[in-house]
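Colleague: To convert, note that position 193 of the sequence shown is 196 in this note's numbering; the numbers rise steadily by one, no gaps. Ideal Cβ positions, reconstructed from N, Cα and C, are used throughout, including at glycine. Can you read through this structure? Questions will come right after.
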Amino acid sequence: MTANPMIGVIGAGTCDDRVRDLAYRVGEGIAKAGYPLICGGLGGVMEAACHGAFDAGGTTIGILPGESTASANRYVVLPIATGIGIARNVIIVRSSRVLIAVSGGPGTLSEMAFALQLGVPVVSLESHTPSQAITIADDPDDAVCKALRLAGLDKERQMSNLRQVGTTRIVTVRGDITKQATDAIVNAANSTLMGGGGVDGAIHRAGGPKILEECEAIVEESGQCPTGDAVITTGGNLPAKWVVHTVGPIWRGGNHDEPELLASAYQNSLAVARSRGVQTISFPSISTGAYRFPVDKAATIALTTVAEYVKANPFDEVRFVLFSEDDLNTYSAALANLTLD
Ligand code: AR6
């Protein structure tokens, strides 16, 4: 086994939407666990896995045949000549601590056999695999978890940025919320709903004027949004279909119902998102910027409230998108410490 913490992903160049979705989620899972991903091929599984990792803020290396120009700006590409597929496979297998096979034909099979020969463990999402490979059909999250465990990487990094509550994944990532391709993202707005600085400004800038127009219509019809409440607009030009606008409390020492109001901002955001059929949603760290709520207290309230809510009202994923490394560490520690019964 190599000392490298890189995770290899292999699979077919030509594949259907189902396989592409599996590959995307494998890439995403690897990035969220904090590991770099290396994969190769022509489009298909490689593209989807790289995009999944890229969207989750991870590092990816795609090894492409010479002529391919596929999305080269989204990840590091090592172009090598077509026709030396074997060399490509050697690079991937040799660079990987563990290999995940998504789906493929004879080429993928021979890569798996080669990896196993070298002592690199293999987790496969399809059933036609060498007998020493671990087979996990159709469950990319489980495949990533098993792969990390097989490679001994889960002990190094405790997976503290992912917890499963019933059928809901709660994750913490570092990134920019305007780039998240979840069904909805949440805006830390103010009661006027007319935009502002921080994450509010970033969302209106990236989403375009349509979001403000919808906010104006809401205020005209129902008035301003009270602290702890939430409303919803479409996502304008954002990758997310919806934007939930919620108003967190301003920190005034902690004795002015700040914890209850913050919890209520999270609950009402989830409720209004559910009313539109949202299955995946990204939150920023509400109230901890301009509104000065201490981030460690806010993280515990946010995660406890969300975990409690999704027990009765599941989502596919609730993602916390933290802007700084410090905030990510604070939220990840709170997530790891969360008591779930
Ligand atoms: N993606 C993710 N997080 C971000 C981003 C981003 N693009 N930009 C900033 N953050 P704040 P609040 C983080 O001040 O405390 C506005 O003017 C930021 O680092 O945006 O609820 C509103 O109009 C911090 O950790 O929200 C209100 O008047 C977190 O998002 C007021 O600020 C929240 O910081 C709301 O204040």
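What residue range is occupied by the uninterrupted alpha helix (DSSP H) comprising GLU320?
Modeller: Your numbering for residue 320 matches position 317 in the sequence shown. Careful: GLU320 lies outside any alpha helix (DSSP H), inside the beta strand (DSSP E) at 320–325.
Colleague: Determine the closest residue to ALA301 out of GLU217, ASP344, ALA268 and CYS53, with distance taken between C-alpha atoms.
Modeller: Within the sequence shown, residue 301 is the residue found at index 298, counting from 1. Measuring from the Cα of ALA301, the nearest candidate turns out to be ALA268.
Colleague: Exposed or buried, GLU159, counting other C-beta atoms within 10 Å across all chains shown (16 or more means buried)?
Modeller: As a first step, residue 159 is located in the sequence shown; it is residue number 156 there, counting from the start. For GLU159, the pLDDT reaches just 43, beneath the cut-off of 50, and the residue's location in the model is therefore unreliable, leaving the point undetermined.
Colleague: If you draw a straight line from the C-alpha of GLU219 to the C-alpha of SER272, how long is it?
Modeller: Translated into the one-based positions of the sequence shown, residue 219 becomes position 216. Translated into the one-based positions of the sequence shown, residue 272 becomes position 269. Roughly 19 Å separates the two Cα atoms.
Colleague: Less than 7 Å separating the beta-carbons of ALA146 and THR181?
Modeller: In the sequence shown, counting from the first residue as 1, residue 146 sits at position 143. In the sequence shown, counting from the first residue as 1, residue 181 sits at position 178. Going by beta carbons, ALA146 and THR181 fall outside the 7 Å limit.
Colleague: So for LEU40, helix, strand or coil by DSSP?
Modeller: As a working note, residue 40 is residue 37 in the sequence shown. Reduced to three states, the DSSP call for LEU40 is strand.
Colleague: As a quick exercise: from ALA336, LYS314, THR111 and ALA315, pick the residue whose alpha carbon is nearest that of PHE323.
Modeller: Translated into positions along the sequence shown, residue 323 becomes position 320. Answer by Cα proximity: ALA336.
Colleague: Can you tell me whether PHE323 sits near the ligand AR6, meaning its C-beta is under 6 Å from at least one heavy atom of the ligand?
Modeller: As a position in the sequence shown, residue 323 is number 320, starting the count at 1. The answer is no for PHE323.
Colleague: On the criterion of 16 or more Cβ atoms from any shown chain inside 10 Å, does GLU31 qualify as buried, or is it exposed?
Modeller: Residue numbering aside, residue 31 sits at position 28 when the sequence shown is read from its first letter. By the 10 Å Cβ count, GLU31 comes out buried.
Colleague: Across which residues does DSSP place HIS131 in a beta bridge pair?
Modeller: The residue given as residue 131 occupies position 128 in the sequence shown. None, per the DSSP bridge assignment.
Colleague: Is any heavy atom in the ligand AR6 found nearer than 6 Å to the beta carbon of ASP203?
Modeller: Locating residue 203 in the sequence shown gives position 200, where the first residue counts as 1. True, at least one ligand heavy atom lies under 6 Å from that Cβ.
Colleague: Please identify the residue among GLU129, GLN135 and SER130 whose C-alpha is closest to the C-alpha of VAL123.
Modeller: Here residue 123 refers to the residue found at position 120 when the sequence shown is read from its first residue. With distances taken between Cα atoms, VAL123 lies closest to GLN135.
Colleague: Taking the CB atoms as reference points, tell me whether SER2 and VAL250 lie closer together than 7 Å.
Modeller: Only positions 4 to 344 of the chain appear in the structure, and residue 2 is not among them; the question remains open.
Colleague: Helix, strand or coil: which one does DSSP assign to SER285?
Modeller: Taking the sequence shown and counting its residues from 1, the one referred to as residue 285 is at position 282. The answer is strand: DSSP assigns SER285 an E or B state.
Colleague: With respect to 6 Å, is the separation between the Cβ of PHE326 and the closest non-hydrogen atom of the ligand AR6 below this value?
Modeller: As a working mapping, residue 326 is identified with position 323 in the sequence shown. Yes; taking the cut-off as 6 Å, the Cβ of PHE326 has a heavy atom of the ligand AR6 nearer than that.
Colleague: Just reading off the alpha helix (DSSP H) that GLY110 is part of, what are its end residues?
Modeller: Translated into positions along the sequence shown, residue 110 becomes position 107. Bounds of the alpha helix (DSSP H) holding GLY110 are 109–121.
Colleague: Between which two residues does the beta strand (DSSP E) containing ARG166 stretch?
Modeller: In the sequence shown, the residue the question calls residue 166 occupies position 163. Start and end: 165–168.
Colleague: Taking the alpha-carbon positions, what's the GLY46 to SER130 distance?
Modeller: Along the sequence shown, read from residue 1 onward, the residue named residue 46 stands at position 43. Along the sequence shown, read from residue 1 onward, the residue named residue 130 stands at position 127. Near 22 Å, if we compare the C-alpha coordinates of SER130 and GLY46.
Colleague: Helix, strand or coil, according to DSSP, for LEU264 in the structure here?
Modeller: Residue numbering aside, residue 264 sits at position 261 when the sequence shown is read from its first letter. In the structure shown, LEU264 sits in a helix (DSSP, three-state: H, G or I).
Colleague: I'd like to confirm something about TYR294: is its beta-carbon nearer than 6 Å to some heavy atom of the ligand AR6, or not?
Modeller: Counted from its first residue, the sequence shown places residue 294 at position 291. TYR294 Cβ: within cutoff of the ligand AR6.
Colleague: For GLY1, which beta-bridge partners are listed by DSSP?
Modeller: The structure shown does not extend to residue 1, since the chain is modelled only from 4 through 344, so no value can be given for it.
Colleague: Start and end of the beta strand (DSSP E) containing ARG172?
Modeller: Here residue 172 corresponds to residue number 169 of the sequence shown, with the count starting at 1. Counting along the chain, the beta strand (DSSP E) containing ARG172 begins and ends at 171–177.
Colleague: Who are the Cβ neighbours of SER127 in its own chain at under 6 Å, not counting the five residues just before and after it?
Modeller: Here residue 127 is taken as the residue at index 124 of the sequence shown, counted from 1. So the qualifying residues of the chain are ALA104, ALA136 and THR138.
Colleague: Measuring only from the beta carbon, is THR303 closer than 6 Å to any heavy atom that is part of the ligand AR6?
Modeller: The residue given as residue 303 occupies position 300 in the sequence shown. No - the ligand AR6 has no heavy atom lying nearer than 6 Å to the Cβ of THR303.
Colleague: Hey, would you say GLN263 sits closer than 7 Å to TRP254, going by beta carbons?
Modeller: In the sequence shown, the residue the question calls residue 263 occupies position 260. In the sequence shown, the residue the question calls residue 254 occupies position 251. Reading the sequence as shown, one finds Glu at residue 263 and not Gln. In this structure, the beta-carbon distance from GLU263 to TRP254 does not fall below 7 Å.
Colleague: So what's ASN332 in DSSP terms, helix, strand or just coil?
Modeller: Counting from one through the sequence shown, the residue named residue 332 turns up at place 329. Assigned with DSSP and collapsed to three states, ASN332 falls in helix.
Colleague: Looking at the ligand ZN, does it come within less than 6 Å of ASN258, judged from the CB to the closest heavy atom?
Modeller: As for the ligand ZN, it is missing from this structure, which binds only the ligand AR6.
Colleague: Round the Cβ separation of GLY107 and GLY14 to the nearest angstrom and send it over; I've been treating them as touching at under 8 Å.
Modeller: For this step, residue 107 is matched to residue 104 along the sequence shown. For this step, residue 14 is matched to residue 11 along the sequence shown. GLY107 to GLY14, Cβ: 5 Å. Contact.
Colleague: Would you identify the three-state DSSP class for VAL22, choosing helix, strand or coil?
Modeller: The count along the sequence shown starts at 1 and reaches residue 22 at position 19. Three-state result, VAL22: helix.
Colleague: Tell me whether GLU217 is buried or exposed, calling it buried when 16 or more other Cβ atoms sit within 10 Å of its Cβ.
Modeller: In the sequence shown, residue 217 corresponds to position 214, counting from 1. Buried, since its Cβ has 16 or more Cβ neighbours within 10 Å.
Colleague: On the DSSP bridge assignment, give the partners of THR237 in chain order.
Modeller: If you number the sequence shown from 1, residue 237 lands on position 234. Answer is TRP245, bridged to THR237.
Colleague: Is any non-hydrogen atom of the ligand AR6 found closer than 6 Å to the C-beta of THR283, if you look at the structure I gave you?
Modeller: In the sequence shown, the residue the question calls residue 283 occupies position 280. Checking every heavy atom of the ligand AR6 against the Cβ of THR283, none is found closer than 6 Å.
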